[in-house]
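Since the structure comes first, as structure tokens, the remarks are kept for the end.
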Amino acid sequence: MAPLEPWEKVLVDEDFLETAHGEYSCIDCHLGEQDGDKSLAHVAMVSRPSEENLALCGECHDEAENFEDSLHISQAGYMSDMAARGVDVESPEIQEMFGNHCQSCHTSCGDCHVSQPSSVGGGFIDGHLFKKTPSMTRNCTACHGSRVGKEYMGQHEDILADVHFRQERMVCVDCHTGMSMHDSSASCETCHDDAMLSESIPVDHRYSGGQDPACADCHPQTISEETNNMYHLQHSENLSCQVCHSINYNNCDGCHVSVSETSGNPIFSTEGSYLTFLIGKNPIQDAHRPYDYTVVRHIPVDPESFAFYGENLMPDFNAVPTWQYATPHNIQLETPQNASCDGCHNNPDFFLTIDKIAPEEVDANLGVYLESLP
Amino acid sequence: MSRKSSLKGWKLLILCMILLTACQTPANETIEEVAAELPTAIEITEEPTQVPPTATPLPIDECLSCHLDKDRLIETAKIEEALEAESSGEG
């Protein structure tokens, strides 16, 4: 995505003034001063109002009411995963690390509905006009690019784009609704009553709670007992959909974060990224994802990922697998593993076995790799 | 044509001629003499009556006057230094 010119990032379109938001004065939301001198006008100005004051949007938009529970803004997934590995998320070292690196993924209303995310340089999507539907490429995959974006749009060489994009030109919001984006626990109410919800565990990970979206939302026949598809009859309860319908996806190793000695900017380095497709035991098997097997992706966590900020900051590295439950966005109707029974069964190429795991990570993945091929 | 209507036509013709000649400058009057009789510019002796404006002029929105002006933004936008990519690998 080509970066915007500095002036282009802040040029307001005259059409904005004709919209409901354009009826407000700039300083109603952005503060600052009405002054012809830029240096004076920008004193105390807030460039991203929804970042500083979430309630601002909530004054008119009910959707923002539960936005604090959205993983986009709470970033609870980072915290819960670190805490599970024994990381003291309240320690000054981790707080500093989080502020330098993870915080850049923090997303508020304007990052989807007005501007490009700051992680890709920011700037108005369309002259400060508010967009009800975010842009797939300038908002969603601007952040979710190296895995979701590239897989979905077929940007890896020789790997087909997801069938939903290739054939139907579906965009992210066709599956990931505004309701689920604004409130990560919104789908819980579909099945659970208020009494149960009050005792429920808060959604603190993208795979917490029900599948939202679920493939069966649009393809209910695949899990129907009346289906005439023998694969679905045989496997729909013990295999996640991606086991049969996904192809090679991106994996990363060894991410380390630090601060540049030359510029003072937060930086990262990953030791490698590679495409593979592997089936493992479901590391998060529960009522919502009851499958015995699922595809697994190697995540770039390393025992020394945060070593720049202090010693032994991840004391319980082996408590969480490094090969994790995955839902690659490169779905195909026909894949090498679903071509026939023999295409998958007893095929060592498709299964995560101990020989494919780095020796220092074997203990972390005891519940994920297969000891024998099914 | 009846005798009665012929008389009515003559009366109308005479009336028109009277009206036309009444508006004519007398043949012996010069243009200067006529101009002298015309009213001269009226001297205003009283203060003009203040007419209240129909609407209060809108204050200039300094934010918009800049942010709607591409050239001004190009002039004043802070140049962003091209950062050398210091991170390595996929993020």
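Taken in sequence, the protein lines are chains A and B.
Residue numbering for the first sequence follows our numbering, beginning at 8 and increasing consecutively.
Residue numbering for the second sequence follows our numbering, beginning at 89 and increasing consecutively.
For glycine and all other residues, C-beta sits at the position ideal for the given N, C-alpha and C.
As the structure is a prediction and not an experimental result, all values here were calculated from the model.
I think residue i touches residue j, with their Cβ atoms under 8 Å apart; what is that distance to the nearest whole Å?
i        : j        : result
A/Val210 : A/Ser192 : 4 Å
A/Asp6   : A/Ser77  : Residue 6 of chain A lies beyond the range of chain A shown here (8 to 381); nothing can be said about it.
A/Arg213 : A/Gly84  : 6 Å
A/Met104 : A/Val264 : 6 Å
A/Cys262 : A/Val327 : Contact doesn't hold; Cβ gap of about 15 Å is too wide.
A/Phe331 : A/Pro290 : Per the sequence shown, the amino acid found at residue 331 of chain A is Gln instead of Phe. The Cβ separation is near 6 Å, so the contact holds.
A/His163 : A/Lys138 : Rounded, the Cβ-Cβ distance is 29 Å, inconsistent with contact.
A/Phe23  : A/Gly129 : Actually they are not in contact, since the Cβ atoms of A/Phe23 and A/Gly129 sit about 17 Å apart, beyond 8 Å.
A/Lys45  : B/Cys154 : 7 Å
A/Pro56  : A/Leu63  : 5 Å
A/Asp219 : A/Ser194 : 4 Å
A/Gly39  : A/His49  : 6 Å
Does the Cβ of residue i have 16 or more other Cβ atoms within 10 Å, making it buried, or fewer, making it exposed?
i        : result
A/Leu11  : buried
B/Pro114 : Low confidence applies here, because B/Pro114 scores a pLDDT of 48, under 50, leaving its location unreliable and the question unanswered by this model.
A/Gly117 : buried
A/Gly106 : exposed
B/Leu95  : exposed
A/Leu373 : exposed
A/Ala51  : exposed
B/Ile119 : For B/Ile119, the pLDDT reaches just 49, beneath the cut-off of 50, and the residue's location in the model is therefore unreliable, although a value from the coordinates is still provided. Answer is exposed; the Cβ neighbour count stays below 16.
A/Tyr298 : buried
A/Thr269 : exposed
A/Pro124 : buried
B/Glu117 : For B/Glu117, the pLDDT reaches just 49, beneath the cut-off of 50, and the residue's location in the model is therefore unreliable, leaving the point undetermined.
B/Ala123 : Here B/Ala123 scores only 48 on pLDDT, less than 50, and its place in the model is too uncertain to base an answer on.
A/Lys288 : buried
A/Trp14  : buried
A/Arg176 : exposed
A/Met188 : buried
A/Tyr376 : buried
A/Ile361 : exposed
A/His226 : exposed
A/Glu232 : exposed
A/Ser379 : exposed
A/Gln249 : buried
Going by the CB atoms, is the gap between residue j and residue i shorter than 9 Å?
i        : j        : result
A/Thr389 : A/Gly217 : This structure cannot settle anything about residue 389 of chain A, because the visible part of chain A is limited to 8 through 381.
A/His183 : A/Asn258 : no
A/His108 : A/His79  : no
A/His252 : A/Thr342 : yes
A/Gln344 : A/Phe357 : yes
A/Ser32  : B/Asp149 : yes
A/Pro381 : A/Tyr300 : yes
A/Thr144 : A/Gly156 : yes
A/Ile230 : A/Ser243 : yes
A/Glu97  : A/Gly317 : no
A/Glu58  : A/Ser142 : no
A/Asn255 : A/Thr283 : yes
A/Leu18  : B/Leu161 : yes
A/Met321 : A/Gly93  : yes
A/Glu75  : A/Ser81  : yes
A/Ala371 : A/Phe324 : yes
A/His37  : A/Glu158 : no
A/Leu285 : A/Leu167 : no
A/Glu392 : A/Gly185 : The question about residue 392 of chain A has no answer, for chain A in this structure spans 8 to 381.
A/Lys16  : A/Ser122 : yes
B/Ser176 : A/Phe275 : yes
B/Glu174 : A/Ser54  : no
A/Val178 : A/Cys147 : yes
B/Leu156 : A/Glu21  : yes
B/Glu178 : A/Ser280 : yes
Could you name the residues of chain B that residue i contacts, counting a contact when the two beta carbons are closer than 9 Å?
i       : result
A/Gly43 : Ile148, Glu150, Ser153 and Cys154
Determine the chain B residues that contact residue i at a beta-carbon separation under 7 Å, and present them in chain order.
i       : result
A/Pro13 : Ala165, Lys166, Ile167 and Glu168
Give the interface partners of residue i over in chain B, defined as CB-CB distance under 8 Å, in chain order.
i        : result
A/Thr277 : Ser176, Gly177, Glu178 and Gly179
A/Ile34  : Cys151
Please report whether the beta-carbon of residue i lies at a distance below 9 Å from any beta-carbon of chain D.
i        : result
A/Asn257 : Looking at the structure shown, chain D is missing, and the protein chains on hand are A and B.
Against chain B, which members of the region 47-66 of chain A pass a CB distance test of less than 7 Å? Ala48
Which residues, taken in chain order from the region 311-329 of chain A, show a beta carbon closer than 7 Å to some beta carbon of chain B? none
Got a sec: which bits of the region 15-31 of chain A sit with their beta carbon under 7 Å from any beta carbon on chain B, in order along the chain? Val17, Leu18, Val19 and Glu21
Going along the chain, which residues of the region 136-165 of chain A sit with their C-beta nearer than 8 Å to a C-beta in chain B? Ser153
Mind listing which residues of the region 261-289 of chain A have their C-beta closer than 8 Å to chain B's C-betas, in chain order? Cys262, Ser267, Thr269, Ser270, Asn272, Ile274, Phe275, Ser276, Thr277, Glu278, Gly279 and Ser280
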